[in-house]
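Residue numbers (the numbering used here), protein chains in the order written: chain W, 1 to 351; chain L, 352 to 702; chain A, 703 to 1053; chain C, 1054 to 1404.
Structure, as structure tokens:
Below, the structure written as structure tokens:
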């Protein structure tokens, strides 16, 4: 198979760096362009970027020259977007129009009626929305999005529970990693010996209360019927480098016991179209039975950072079940998510 | 007023150290004995204890000789207990029988029918249980307890909301400080760049789901009718030295809006008997209106560590209100709590 | 005594906040103006500043209106400067000319031939330079500086050793706190689970290798003869909120043993003119004899953060002595230093 | 090649876990026994060990039954020792006598006259001491040791400088990772927002001042002439999970400039016998030219944790050069070191 050309928009930021790292030696994709803001344009990538990952900068990008994030400068079948929301708002449709499949980590178009919000292991069928999208906008490319990093792991667990027992209400509290705020992000004086009981400038809780409803919704006549589930979210920032931890309590339509739920979670596998892709999580869900797991430092790299880890399944005194979910926020929750989406597009012949 | 003699059981541990620190220059109390385990007995306190607070060891204890925790070796009107549960189980009744008022931070007797579980700013009247207690056991002393540090701040806020609107259900997730586990406590390899989604060896969540019901209950015919409120708790350990943060969502009998609730919380004052004691929190509750407060490092010492700090009051999409509560776990939640209880005993002439 | 009017330049930054906090209820000084950059001018201080200290914002500043840092807007006998270097370069002489005594924490004029670089407990006599300074520049005010926070504690210890034994060479490695970089300062992703083996944009090591030589120098004919001591410094940033730790090895002209050095350090007291000022450290030096002290979290607040703490005095296999010094970088090493200098000016009738 | 049987003594501790992890899929070695203390004997490894690494427990050990650390229970060509000093004192000679090649991370025999203290990339020739050792003790096996983790990276850099310029004096200050203290090791209350200016119960500085002299010494007539270099060490513990950082200043017999030293360090390669082994560091030394590197979180995994990373090469105002060295303390500095030593034994036909 001939490699498929891909580009990264926002390549110097921390999510951009994860894209570069995860695309090193990718079996299908070849990075042909790195785009960033004016300040970096024209420089070698190794000069333009302050590399913040704990794995070395891959050799293949060191001497690439950074280009502007425009459709003239960037021509690739797939464009990965690690852009800020306002810039993504403007640029992503231009790339879709110019024929690229935009796989975006930005929140700009997640709520679009004809835009898939994807976690391939649970709602791979939603990708069919791109056909309607192309009709609506007369695009030869498309836009496909992945959710907010805090929604990611939780929604995967909820999908399994919803299919088996019906989920009605979800109360959740996140303890989110610092890498979610990018670089420089959270000042050290704000987080050493501390917790910040809010994330970003607001909006995080609203995202987490809405996005899962779309992903858990049904594709029906070329649009998504939002799942009829109520969410209440508290989001917090803690002194963790990578890995978002979420405590959740859920009400089920058909109550069950923790052991049954655990067995069903263990046995879950992705839909066939999303099961054997290069980035498919192996396993999709890891269930821990220790009393104090999952923990971000120890469990975030399960399944190369693509696996959702769940533990402490127990009865909830008010609703039905409570549990803890962990997901790597910059791999499964950001760059890895967009790459997995791109692989699904390829597999479904939707490029 | 002649100083009242007090002793500390478990004086070398981290809660014992807080007792020593808070009792330095106390206007009513004079420490006459420091008791600890055999290993320390006979040594000067300054040799026996590994001091872990960031304020210096008070001069008055440096040369005191550590004695055994027995009624023979320790004679004091008030005995503060920072003992481990199993030892407290055995020793506290012996001291009560011998005539001391035991003000205990241990969990051993919190559930006893005739044992007050006190937060004086909200349930000072429960102290009257000691009269029944003396009859039941033929004690000249008594046992008075304070709750688990995680329940403390939350229960104070709930009391105000319960009086005004009726509380029916409470979801809560704690992010607890390391000092709650004592010293050496949590290994650093377990908490740097990490969260532990459980506290202790279990039992923490059960305590937090039960203790507030007793404190919010009504004193009725010499016993407490437990409040009819349902609790669901997730408890977590985070990389914070002092100060427990709790995210809570509550259902009210009479729904209200955040502004009204905030005003009522701001205006709360303790019952008269608990209002002007040396350790009375000033104010009882501090309401923060910034979007990212309370934070443990910045807010834990509000009111010398005795004030409950609440913030982020907002509507809850499932229940009625959500908010964040912060309380200093070794001051308001442990040693300061027991001392405040002792002051109430004195003020009510119940010594 | 009538209160002396003082102003703070750079009042919204983290050092500015320490000034505000330390000047709350100061027995001699009354804050009459808070100056900051254009962005803050015209606002109430409580709106303009993002307060980062763990003690509450003092009431007296909450409603003060922030003014520009100009001699028109700020009229005070003493002006405390927490300005950035480039701005201090320009503004400090203007204030000195306009008649204010500028007590500066900026590095701009520390090397000036007629500018005192002061640690009153060791070189209070250097303050006499202000007389020459007034002649040289025809100023009615003056500029007085305090050293870099990393030099502070070390230089105090070196002075005592130099007087007793003669110091010839000093090798030092610092582990510096985050508050030294101001706010937002060091990104959390750079310091959690990490050490940064450099401080600032360079220049830190050069300061630490030069400033002590001036402070340890002799006042001679209206100028300072630099001490003939060689320094080699490595500076590092570590995950500590407040308190700089310095490991030092020194060569002495007259070698001694650790016990003798320790006794001399314990017995040191400040020159008489600097001994009984409101901010005088009590004691000047605290010598710890535990094997693992000083530690920043436990010892930084010794003497209200003004005391220099030294420990681990032992023989050095290459030079003569090695030891560890701790000093609170934003109290003794910044705001407290400038205030102490101002008090010395008052005491010496040099306002 | 038939796999060589190896065993791990002290297999449940944190260094033991590193051995297990690094030996997973080792091309030459096959783990045939896991030995630990009585408490663990008879259990499956997955039950006996509390796994603390952030990579999962390898499958191959999960069901192995833990055996006692005795020559009866453990029969293997190579025995890796992660034992505590006192136990290693007693057991390691028994294994050597019984015919095993003991590759030890314990400090017990590092100073033995006929015991090689090895860093194969710099003193592979010292391994010849085992021949003399076998004669002296009539052992069919042998004991080979690796140095203290703090000496490791520094000594590798010093070797290159010593060969080129002659090293005469070395000042060093370490900032050591928590994993060096094992598990549970350092309490979190001792290290969050803190530095501990000492390591272990003493002895660390003495080791670091002596061990490099043996490794930098010359093998001469079946013994090592210690290098004539003076060391002065300050050792500190900081809030880092893995990776020891060392600041060093050195005096050279033939002074040089930083650029020349840097070039020589970059070009260094291991002696031929140690160059192409499975654990050989690739490269041996990585020289960073950024102003703020090496940093433990970003650089410790260079060369799979076996590479020594050096940076900030600059002139020293007292001696000749100063620089910063980073080395992964549980890989290059412990388990990886012993495995590399074992590979050298095999390569030299000394099993």
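Note that the Cβ used here is the ideal one computed from N, Cα and C, for glycine as well.
All values reported here derive from a predicted model rather than from experimental measurement.
Proximity of residue i and residue j at Cβ, strictly below 8 Å
i, j, result
"residue 1010 (chain A)", "residue 1026 (chain A)", "no"
"residue 652 (chain L)", "residue 679 (chain L)", "yes"
"residue 176 (chain W)", "residue 237 (chain W)", "yes"
"residue 246 (chain W)", "residue 319 (chain W)", "no"
"residue 493 (chain L)", "residue 427 (chain L)", "no"
"residue 832 (chain A)", "residue 818 (chain A)", "yes"
"residue 224 (chain W)", "residue 218 (chain W)", "yes"
"residue 1214 (chain C)", "residue 1305 (chain C)", "yes"
"residue 542 (chain L)", "residue 590 (chain L)", "yes"
8 Å Cβ cutoff, residue i in contact with chain W
i, result
"residue 601 (chain L)", "no"
"residue 1108 (chain C)", "yes"
Nearest-angstrom beta carbon gap, residue j and residue i [assumed within contact, 8 Å]
i, j, result
"residue 891 (chain A)", "residue 241 (chain W)", "7 Å"
"residue 1394 (chain C)", "residue 1199 (chain C)", "6 Å"
"residue 999 (chain A)", "residue 1246 (chain C)", "5 Å"
"residue 794 (chain A)", "residue 809 (chain A)", "About 11 Å separates the two Cβ atoms, so there is no contact after all."
"residue 1227 (chain C)", "residue 1203 (chain C)", "5 Å"
"residue 183 (chain W)", "residue 52 (chain W)", "5 Å"
"residue 46 (chain W)", "residue 62 (chain W)", "4 Å"
Among the options, nearest to residue i - alpha-carbon criterion
i, options, result
"residue 6 (chain W)", "W:81, W:264, W:125, W:155", "W:81"
"residue 1019 (chain A)", "A:959, A:980, A:1042", "A:959"
"residue 1297 (chain C)", "C:1270, C:1261, C:1323", "C:1261"
"residue 928 (chain A)", "A:935, A:918, A:934", "A:918"
"residue 1328 (chain C)", "C:1401, C:1102, C:1155", "C:1401"
"residue 262 (chain W)", "W:68, W:183, W:315, W:41", "W:315"
"residue 280 (chain W)", "W:60, W:34, W:304", "W:304"
"residue 1205 (chain C)", "C:1375, C:1172, C:1183", "C:1172"
"residue 1319 (chain C)", "C:1308, C:1335, C:1140, C:1305", "C:1335"
"residue 15 (chain W)", "W:234, W:180, W:186, W:2", "W:180"
"residue 839 (chain A)", "A:887, A:723, A:800", "A:800"
Interface flag, residue i vs chain C, CB-CB below 8 Å
i, result
"residue 458 (chain L)", "no"
"residue 301 (chain W)", "yes"
"residue 851 (chain A)", "no"
"residue 283 (chain W)", "no"
"residue 704 (chain L)", "Not covered by the structure: residue 704 (chain L). The range shown for chain L is 352 to 702."
8 Å Cβ cutoff, residue i in contact with chain L
i, result
"residue 999 (chain A)", "yes"
Partner residues on chain L for residue i, Cβ-Cβ distance less than 9 Å
i, result
"residue 994 (chain A)", "Correct list: empty, because the minimum Cβ distance to chain L is about 10 Å."
"residue 1100 (chain C)", "Within chain L, no residue comes near residue 1100 (chain C); the closest Cβ sits about 18 Å away, beyond 9 Å."
Partners in chain W for residue i, counting only beta-carbon separations shorter than 8 Å
i, result
"residue 589 (chain L)", "175, 195, 238, 239"
Chain C residues whose Cβ lies nearer than 8 Å to that of residue i
i, result
"residue 534 (chain L)", "1240, 1242"
Amino acids of chain A, ordered along the chain, whose beta-carbon sits closer than 7 Å to that of residue i
i, result
"residue 543 (chain L)", "895"
"residue 280 (chain W)", "The contacting residues do not exist; residue 280 (chain W) stays about 29 Å from chain A at best."
"residue 52 (chain W)", "891"
"residue 1381 (chain C)", "Here the premise fails: no neighbours, minimum Cβ distance about 13 Å."
Partners in chain C for residue i, counting only beta-carbon separations shorter than 9 Å
i, result
"residue 63 (chain W)", "Correct list: empty, because the minimum Cβ distance to chain C is about 17 Å."
Interface partners of residue i on chain L, CB under 8 Å
i, result
"residue 1399 (chain C)", "Ordered by position in chain L, no residue passes the 8 Å Cβ test against residue 1399 (chain C), which lies about 33 Å from the chain."
Per-residue contacts from residue i into chain W (C-beta, under 7 Å)
i, result
"residue 675 (chain L)", "197"
Contact list for residue i against chain L, beta-carbon separation under 7 Å
i, result
"residue 169 (chain W)", "669"
Minimum Cβ-Cβ distance from residue i to chain A less than 8 Å
i, result
"residue 21 (chain W)", "no"
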